[in-house]
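Protein chains in written order, with our numbering: chain X, 87 to 361; chain C, 610 to 981; chain Z, 123 to 188.
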Amino acid sequence: MKCCHLWVGGDLLMNIENSLILGGQKFESRLLVGTGKFSSVDVMLAAITASGAQLVTVALRRFNRERPSDDLLSPLIKLGITLMPNTSGARNAAEAVRAAMLGRELSGSRFVKVEIHPNPHHLMPDPLETYDACKQLAKEGFIVLPYMPADPVLAKRLEDVGCAAVMPLGSAIGSGHGLSTAEMVKLIIADSGIPVIVDAGIRAPSEAAAAMEMGCGAVLVNSAIAAAGDPAAMASAFAMAVKAGSAAWQAGLMAQSGHAVATSPLTSFLAGDQA
Amino acid sequence: MITELPPELDPSSWLSLAHLASESDVRRALSASVPTEADFAALVSPAAEGLLEEMAQRAKRLTETHFGRTISLYAPLYLSDFCPGGCAYCGFAADRNQPRRCLNRDEMLCEFAALKAMGFEEVLLLTGERSPQADFPYLRDSVAAAASHFAAVTVEAFPMTLVEYRELAAAGCVGVTLYQETYDPVQYDVLHRWGPKRDFANRLEAPSRVLEAGIRTVGLGALLGISDPMLDTLALYRHARALRRKYWQSGITISFPRVCPQEGGYQPPFPVDERFLARIIFAFRICMPDVPLNMSTRENAGFRDGIAGVGISKMSIASRTTVGGYGEPTTSPDGQFQINDDRDIETFFAALRSKGLEPVFKNWDRVYNLDQ
Amino acid sequence: MKILVNGIQHEHKGRGTLDMLLNELGAQPDAVAIMVNDQVIPRTDRTAITLKEGDRVEVLSFMGGG
């Protein structure tokens with residue numbers, strides 16, 4: 087994540103810009119929102135509006151003639167946000183690639199969230215199929231955002247094949263177990279050349295803030311908003327939390343109180359030296 | 610902005626912070642669980658001078674966590690001191706009047722045997738800039754010869770092409786060290802008076818070629834004292850980060866060669882004292898906890914003993930910076946630089962052990978890697 | 123002709139163009155993506171397709187998803 091130019095006393099202190107950049111597109115909001123599990127389309131639209139999200143995921147499902155109003159395309163386009171079709175339902179790379187092609191056809195957007203979870207219970211992403219799918223889709227000109235296990239090596243592999251960001255899971259989809267993968271996410275952030283977006287498992291705005299304070303480029307939240315008592319209000323809370331965490335990261339967090347361990351001094355070999 | 614440096618290496622926008630950071634910036638950097646570039650700048654700043662002991666404590670804990678209580682050992686072996694170069698600070702510069710030597714195969718084997726008898730398993734082969742006597746084929750063939758004797762063969766010579774580095778890898782080279790000397794192109798131009806080393810960009814890009822060629826590790830460094838050490842330290846940090854981000858399957862090591870004023874010799878215009886050197890080492894250890902940090906025998910015994918295991922994880926000992934010199938008693942003239950720790954191995958090991966550090970000659974075996 | 127639409131038997135009462143099929147299904151052409159026999163049919167190529175007996179058609183639209 088980068089921030090804006092900061093001039094202090096006439097001197098350029100740091101080189102920073104405030105937007106999230108994915109595939110060459112700038113987003114002011116660092117909160118991405120999913121559209122699943124809402125009680126109704128109207129509730130979902132109100133929540134998205136309250137969240138300020140500019141990049142929103144959708145799934146492809148068979149058209150249902152009995153429920154034509156379930157279609158999200160036109161209401162979401164009216165909100166002026168960018169759609170990111172996901173490939174959920176795909177069990178392997180070939181299916182994910184096909185789902186991505188269909189999604190691009192329908193949305194006109196090059197964004198795709200590669201999501202391949204063969205196990206229907208824990209919904210953990212398949213690293214091998216995900217890698218294969220991303221490699222193919224990046225070549226086809228998609229802006230690829232893979233949902234992946236929080237693995238630092240896999241993150242670099244995905245970056246190497248052309249993904250625009252990586253999306254390590256915080257914990258299992260819908261589990262609400264928060265950032266159980268925090269240590270791995272920190273390792274991913276340390277070496278990543280692309281934005282790191284925590285996806286899945288975030289339950290509370292404080293967890294979203296924590297992810298931003300770690301240096302994440304953005305967070306993606308779905309279940310926590312959709313299942314809240316008042317989704318629009320929760321969406322608004324998440325928006326504030328992401329802004330707060332992001333601002334805190336830029337401002338530089340205070341030192342933690344020292345873990346003072348009394349040991350013999352290590353620098354006496356340097357005392358009074360002028361060599 | 611320094612136009613000769615690519616943006617990911619140019620430290621210009623961090624120089625102010627590195628000079629103006631406050632004590633609270635340093636404290637924050639010391640407690641950060643994943644230190645950022647701003648933290649690195651704070652840790653090398655003058656404000657960190659007052660927190661040197663705290664930095665040392667953190668550096669020691671991190672060195673123990675990532676490297677255990679061990680020090681890796683290697684020996685430098687100069688194959689040749691023929692050099693067409695004109696580096697103002699170097700004992701091998703072409704205008705220094707001294708007889709030059711280049712080891713032939715028999716002499717090399719004698720040196721290898723002597724080093725193996727001392728216990729060394731990792732050897733660093735050195736030459737000057739490309740010369741007719743010590744050209745690329747000579748270096749490559751020397752690597753091949755050394756590879757059948759030592760567990761790890763590394764090289765510190767001249768910038769090579771991608772094709773040459775690939776050949777070096779095939780011959781058995783597992784690491785290449787190449788110091789930029791200084792990342793300031795203006796000062797670089799002044800100091801490298803003639804010769805192929807004048808090409809700043811070629812040298813700067815060479816470490817990328819090393820890793821691109823599939824060589825396991827690249828060693829970076831700036832020669833402290835020949836130019837603004839703050840600029841060089843920040844650029845070195847950025848260089849290491851950039852290489853790590855791109856060549857994420859490769860290893861980086863960092864060294865801290867420091868030019869000290871020599872009698873009647875080169876006077877460094879920006880002398881770095883021991884406390885500043887220690888601060889730089891601690892800053893790298895804190896901000897790059899898993900990168901091996903290397904110390905040669907340029908520094909004296911007291912400094913080396915103090916810094917071993919406190920940031921530094923790898924050291925040479927019982928070194929010669931003249932050509933050869935291990936196999937037979939040296940009557941050679943001056944080496945590349947003056948050795949200030951001339952203790953023998955046993956004395957050095959006793960010093961390490963008294964600090965609770967175990968010297969280690971070998972960390973891995975080539976038999977596990979199919980590409981060798 | 124009898125074709126499969128979204129896995130279910132469907133009696134198509136037209137000449138086999140995709141526009142006519144979508145009309146039968148009550149689907150807005152701009153709100154759906156189509157596959158015929160596992161091939162993604164780009165919007166620009168829809169008029170080139172003529173369905174035949176036994177074809178498998180998938181008609182998809184965006185629904186909620188994370």
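For each residue, glycine too, the CB sits at the ideal point set by N, CA and C.
If you measure between the beta carbons of residue i and residue j, is that distance less than 8 Å?
i, j, result
"Gly303 (chain X)", "Val282 (chain X)", "yes"
"Gln796 (chain C)", "Ile835 (chain C)", "yes"
"Leu158 (chain X)", "Val200 (chain X)", "no"
"Thr770 (chain C)", "Arg818 (chain C)", "yes"
"Ala723 (chain C)", "Leu748 (chain C)", "no"
"Val198 (chain X)", "Ala179 (chain X)", "no"
"Phe912 (chain C)", "Ile890 (chain C)", "no"
"Gly728 (chain C)", "Asp690 (chain C)", "no"
"Leu146 (chain X)", "Gly194 (chain X)", "no"
"Met234 (chain X)", "Leu306 (chain X)", "no"
"Leu356 (chain X)", "Glu883 (chain C)", "yes"
Specify the secondary structure class of residue i as computed by DSSP and reduced to three states.
i, result
"Trp93 (chain X)", "Below a pLDDT of 50, predicted positions are generally treated as unreliable, and Trp93 (chain X), at 31, falls in that range; the measurement from the model is reported next regardless. Residue state, collapsed to three classes: strand."
"Cys869 (chain C)", "coil"
"Asp841 (chain C)", "helix"
"Ile890 (chain C)", "helix"
"Asn903 (chain C)", "strand"
"Ala702 (chain C)", "coil"
"Thr956 (chain C)", "helix"
"Tyr774 (chain C)", "helix"
"Ser642 (chain C)", "coil"
"Val127 (chain X)", "helix"
"Phe946 (chain C)", "coil"
"Leu141 (chain X)", "strand"
"Leu352 (chain X)", "coil"
"Arg739 (chain C)", "coil"
"Thr135 (chain X)", "helix"
"Lys221 (chain X)", "helix"
"Phe879 (chain C)", "coil"
"Val247 (chain X)", "coil"
"Ile259 (chain X)", "coil"
"Leu626 (chain C)", "helix"
"Val795 (chain C)", "helix"
Using C-beta distances below 8 Å, list every residue in its chain close to residue i, excluding the 5 sequence neighbours before and after it, in chain order.
i, result
"Ala334 (chain X)", "Ala295, Met298, Glu299"
"Lys725 (chain C)", "His758, Phe759"
Just to confirm my understanding: we take residue i, look at its own chain, exclude 5 residues before and 5 after, and list those with CB closer than 6 Å. What are they?
i, result
"Ala392 (chain X)", "No statement about residue 392 (chain X) is possible, as the shown extent of chain X runs from 87 to 361 and does not include it."
"Phe745 (chain C)", "Glu773"
"Lys971 (chain C)", "Glu730, Ala760"
"Ala182 (chain X)", "Thr173, Ala176, Val200, Ile202, Ala219"
"Leu331 (chain X)", "For the sequence presented, residue 331 (chain X) should be read as Gly rather than Leu. So the list reads Ala295, Met298, Glu299, once near-sequence residues are dropped."
"Pro291 (chain X)", "Ala323, Phe324, Ala327"
Mind checking which residues open and close the beta strand (DSSP E) that includes residue i?
i, result
"Phe184 (chain Z)", "178–186"
"Arg232 (chain X)", "Residue identity check: residue 232 (chain X) is Pro in the sequence provided, not Arg. Element bounds for Pro232 (chain X): 229–234."
"Gly860 (chain C)", "860–864"
"Tyr683 (chain C)", "679–687"
"Met210 (chain X)", "Premise fails: Met210 (chain X) is in no beta strand (DSSP E) and is neither H nor E."
"His132 (chain Z)", "130–133"
"Gln111 (chain X)", "111–113"
"Val127 (chain Z)", "124–127"
"Leu169 (chain X)", "168–171"
"Gly828 (chain C)", "826–829"
"Lys923 (chain C)", "923–925"
Over what stretch of residues does the alpha helix (DSSP H) that includes residue i continue unbroken?
i, result
"Leu162 (chain X)", "159–164"
"Ile275 (chain X)", "268–277"
"Thr166 (chain Z)", "Neither: Thr166 (chain Z) is in no alpha helix (DSSP H) and is coded neither H nor E."
"Thr674 (chain C)", "661–676"
"Val762 (chain C)", "Per DSSP, Val762 (chain C) belongs to no alpha helix (DSSP H); it is in the beta strand (DSSP E), 761–765."
"Ile916 (chain C)", "910–916"
"Glu181 (chain X)", "179–193"
Apart from the five residues on each side of it in sequence, which residues of its chain come closer than 7 Å, Cβ to Cβ, to residue i?
i, result
"Ala778 (chain C)", "Ala822, Gly823, Ile824"
Inset, instruction - Mind checking the segment 865–888 of chain C against chain X and listing, in chain order, the residues whose C-beta falls within less than 8 Å of any C-beta there? - result: So the close ones are Cys869, Asp882, Glu883, Arg884, Ala887.
Inset, instruction - Check each residue of the segment 128–152 of chain Z: if its Cβ is closer than 7 Å to any Cβ of chain X, include it; give the result in chain order. - result: Of all residues in the segment 128–152 of chain Z, Asn128, Leu147, Gly148, Ala149 have a Cβ within less than 7 Å of some Cβ in chain X.
Inset, instruction - Closer than 8 Å, Cβ to Cβ, to anything on chain Z: give me those residues from the segment 185–199 of chain X, in chain order. - result: Hits within the stretch, in order: Met187, Leu188, Gly189, Glu191, Leu192, Ser193.
Inset, instruction - Output, in sequence order along the chain, the residues in the segment 275–299 of chain X whose CB is closer than 7 Å to any CB in chain Z. - result: Cβ contacts with chain Z: none found.
Inset, instruction - Using a Cβ-Cβ cut-off of less than 8 Å, give me the residues of the segment 247–259 of chain X that come near chain Z, in sequence order. - result: Under the 8 Å Cβ criterion, the segment 247–259 of chain X contributes Ile259.
Inset, instruction - Closer than 7 Å, Cβ to Cβ, to anything on chain Z: give me those residues from the segment 141–158 of chain X, in chain order. - result: Of all residues in the segment 141–158 of chain X, Thr143, Val144, Ala145, Leu146, Arg147, Arg148, Phe149, Arg151, Pro154, Asp156, Asp157, Leu158 have a Cβ within less than 7 Å of some Cβ in chain Z.
Inset, instruction - Scan the segment 172–184 of chain Z for residues whose Cβ lies nearer than 8 Å to a Cβ of chain X and list them as they occur along the chain. - result: When C-beta distances to chain X are compared with 8 Å, the residues of the segment 172–184 of chain Z below that value are Glu180, Val181, Leu182, Ser183, Phe184, in chain order.
Legend entry - Chain-ordered residues of the segment 231–245 of chain X with a beta carbon less than 7 Å from chain C: The segment 231–245 of chain X vs chain C, Cβ under 7 Å: Lys242.
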